[in-house]
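Those protein sequences? They're chains A and B, same order as listed. According to full-length UniProt numbering, the first sequence is numbered sequentially starting from 1. According to full-length UniProt numbering, the second sequence is numbered sequentially starting from 1. Following: one structure in structure tokens, then a few remarks.
There are 2 protein chains.
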Amino acid sequence: MKHPAGSVWQRPERAARGPAPEYSRARIAAAAVAVADAEGLAAVSMRRVAAEIGAAPASLYRYVTSRDDLIDLMADATSAEFDLSRPATGEWLDDLIRLGHQIRGIHERHRWLADLTPDKVIPGPRTLDVLEYSLSLLADLDAPAQAKMEAIVMLGAVITIFVRNQPAGTDSTQADAQRRAAGAGYLATVLAKGEHRHLAVAVTAMAAAGAASAGQDEAQKRSAAEDRLLRRVLSGLLGQ
Amino acid sequence: MKHPAGSVWQRPERAARGPAPEYSRARIAAAAVAVADAEGLAAVSMRRVAAEIGAAPASLYRYVTSRDDLIDLMADATSAEFDLSRPATGEWLDDLIRLGHQIRGIHERHRWLADLTPDKVIPGPRTLDVLEYSLSLLADLDAPAQAKMEAIVMLGAVITIFVRNQPAGTDSTQADAQRRAAGAGYLATVLAKGEHRHLAVAVTAMAAAGAASAGQDEAQKRSAAEDRLLRRVLSGLLGQ
DNA sequence: ACTCTTTGCGAACACTGTATCCAGTACCGT
DNA sequence: ACGGTACTGGATACAGTGTTCGCAAAGAGT
Chain A
1 MKHPAGSVWQ RPERAARGPA PEYSRARIAA AAVAVADAEG LAAVSMRRVA
51 AEIGAAPASL YRYVTSRDDL IDLMADATSA EFDLSRPATG EWLDDLIRLG
101 HQIRGIHERH RWLADLTPDK VIPGPRTLDV LEYSLSLLAD LDAPAQAKME
151 AIVMLGAVIT IFVRNQPAGT DSTQADAQRR AAGAGYLATV LAKGEHRHLA
201 VAVTAMAAAG AASAGQDEAQ KRSAAEDRLL RRVLSGLLGQ
Chain B
1 MKHPAGSVWQ RPERAARGPA PEYSRARIAA AAVAVADAEG LAAVSMRRVA
51 AEIGAAPASL YRYVTSRDDL IDLMADATSA EFDLSRPATG EWLDDLIRLG
101 HQIRGIHERH RWLADLTPDK VIPGPRTLDV LEYSLSLLAD LDAPAQAKME
151 AIVMLGAVIT IFVRNQPAGT DSTQADAQRR AAGAGYLATV LAKGEHRHLA
201 VAVTAMAAAG AASAGQDEAQ KRSAAEDRLL RRVLSGLLGQ
């Protein structure tokens, strides 16, 4: 066999025989996360991460069978930032919203998470713990297990949308910002032609709302609006 | 200036002077879409698309300034497949669901659409037409324009999730399927350890539902379940 | 007919992920 | 104690990738 089968998580981190590894998955993942936080997911190349920890590029493949594996490691590393200690309060919607706030915080710390395709990442142990915790918040709710799962997936998806539509603190990559601006420019020229009546009013409405939330405590208003939207979606999915 | 500024859509397709272009954006986009349909988005490289239309790799850059531009072209090309002729019926929820069915159909024909990051693609003219049409379906509904926009974005996002969680007809790439299987394997070993009670019941429930929809007319049931979920989400967002 | 702009393209650059091979090392079973 | 074994880190190489540059040819406008 060429590669030891299965995901990163099934392979033992340390081999039975042979010299002690010089690095570790955790250290590699941390380095990769740091690079992604600072320069975006595209900057996370095997060579870059290897250089960051002082290793040769090919050495990483002793810890990881592919770049996808590395990204699995990164994703699970962020899942470790959840606080899963707070038990269910009995108000499942509030609990879910609170969980949403955690997700949002983590997404803001690691904006590259929004670039991941959720179902291409193999969930690691910490991610599965988060999933278990999320479901535990809904344990007392009388709903089919499938609906609960859907609601949790939805929670993540909606928050991803929130984060994406939020102007990045330090604007992602310069090229990305340029593309965004180009898109806005084209939209303006199309709207100026006068067709697209409904789109025009929607765009101006959204622009007004965006300008309103430019202030600092206006960010709270935006957050409140997001909470309201989340409540609607979740209670639409799970509510009676 | 190095590059003519702005998105693909603002630049004129044909230059005023000089020889007539040998190819066209439409033809390039069509070739790229064909490649993506058959072999996935990763197979869409400049060299590949160029070869497909019988051009040299560097020639594509006369029509497109980057691969991102090419993908903009591809995305907008799929938007042309919408039927925007059917006017609003007065039942906005039904109209939205019908629109959802169109989205779903297009996503099934072009599974790579699920790999796109929606807000990194600059919407082209056809996509803006679809947006205008979508909003027109909600014209008579008394709701803030922003909420309507959110609902439409949500509609697309939910359907993307549907499509992703659907076993691909001809399974995407072989490597992708292998990773999926690896993930399932790891999940099984974790669940076997006995912790993750809630996750265990959820997973078995989803597996049972998945097995049930293996049959042919059982696919209709799944579709019905999706419609129900969509209705809940949308009426949760826009309903009174 | 002449000029200019634009086209198509060969070649090259700076990357990327990854496989292969090799020397050295530390454990295991004897 | 000591092979043999299984591992480690790494140098090198390969097949791709997106993209740029410079240049010959060719069509449109004057």
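We treat Cβ as the ideally placed atom computed from N, Cα and C, and that holds for glycine.
Identity of the residue in V64(B), Y133(B) and N165(B) nearest L199(A) by Cα
Y133(B)
Might you give, ordered along the chain, the residues of its own chain that have their beta carbon closer than 8 Å to the beta carbon of A43(A), omitting 5 neighbours on each side?
V35 and A36
Would you say A30(B) lies against chain A (beta-carbon separation less than 8 Å)?
no
Between which two residues does the alpha helix (DSSP H) holding T173(B) run?
Careful: T173(B) lies outside any alpha helix (DSSP H) and carries neither H nor E.
Beta carbons nearer than 8 Å to chain A: which residues of the region 159–179 of chain B have them?
I161, R164, N165, D176 and R179
Alpha carbon to alpha carbon, what distance is there between I53(B) and R47(B)?
10 Å
Examine the Cβ distances between the region 106–122 of chain B and the region 60–76 of chain B and report whether three or more of them are shorter than 8 Å.
yes
Expressed to the nearest angstrom, what Euclidean distance is found between the alpha-carbon atoms of L238(B) and S136(B)?
15 Å
Distance, Cα to Cα, G100(A) vs V130(B)?
31 Å
Can you tell me whether Q166(B) is helix, strand or coil according to DSSP?
coil
Among S223(B), I159(B), R179(B) and K148(B), which has the Cα closest to the Cα of G236(B)?
K148(B)
Give me the Cα-Cα distance between M1(B) and R11(B), rounded to the nearest whole angstrom.
Only weak support exists for where M1(B) lies, its pLDDT of 44 falling under 50; the coordinates are left without a value.
Which term fits D69(B), buried or exposed, when burial requires 16 or more other beta carbons within 10 angstroms of its beta carbon?
buried
Under 8 Å from the C-beta of S45(B): neighbouring residues of chain A
Within chain A, no residue comes near S45(B); the closest Cβ sits about 16 Å away, beyond 8 Å.
Could you tell me which of A224(B), R180(B), A211(B) and V201(B) sits nearest to A5(A), measuring between CA atoms?
R180(B)
By the criterion of Cβ-Cβ separation under 9 Å, what are the contact partners of M206(B) in chain A?
A145, Q146 and M149
For the region 87–100 of chain A against the region 150–161 of chain B, are there 3 or more C-beta pairs whose distance is under 8 Å?
no
Selected residue, minimal CA-CA separation from F162(A), among T160(B), T173(B), V163(B) and E150(B):
E150(B)
Cross-chain neighbours of S24(B) in chain A, by beta carbon under 7 Å:
What S24(B) touches in chain A: nothing, since even the nearest Cβ is about 19 Å away.
Please classify S24(A) as buried or exposed, where buried requires at least 16 neighbouring CB atoms within 10 angstroms.
exposed
Where T204(B) sits in the DSSP three-state scheme
helix
Does A182(B) come within less than 8 Å of chain A when only Cβ atoms are used?
yes
Between the C-alpha atoms of residue 241(B) and L230(B), what's the straight-line distance to the nearest angstrom?
Because chain B in this structure spans residues 1 to 240, residue 241(B) falls outside the shown range and cannot be described.
Buried versus exposed, by CB contacts within 10 Å (16 or more), residue 260(A)
Residue 260(A) lies beyond the range of chain A shown here (1 to 240); nothing can be said about it.
Quick check on S136(A): does DSSP put it in helix, strand or coil?
helix
Are the C-beta of H196(B) and some C-beta of chain A separated by less than 8 Å?
yes
By the three-class DSSP mapping on this structure, what secondary structure does K148(A) have?
helix
Do H110(B) and T78(B) have their C-beta atoms within less than 8 Å of each other?
yes
Please go through the same chain and pick out, in chain order, the residues whose beta-carbon is closer than 6 Å to the beta-carbon of R126(A), but skip the five residues on each side of it.
D76, S79 and A80
Using the Cβ count rule (16 or more neighbours within 10 Å means buried), how would you classify E13(A)?
exposed
Between the CA atoms of A145(A) and L234(A) - distance to the nearest angstrom:
14 Å
Short-range partners of chain A found in the region 126–140 of chain B, where Cβ spacing is below 7 Å
L128, L131, E132, L135, S136 and A139
Quick one: what's got a C-beta closer than 8 Å to E218(A)'s C-beta in the same chain, skipping five residues either side?
A212
Could you confirm whether any beta carbon from chain A is found closer than 8 Å to the beta carbon of P12(B)?
no
Kindly indicate which three-state DSSP category I122(A) falls into: helix, strand or coil?
coil
Is there a Cβ from chain A that is less than 8 Å from the Cβ of W63(B)?
Residue identity check: residue 63(B) is Tyr in the sequence provided, not Trp. It does not; no Cβ of chain A falls within 8 Å.
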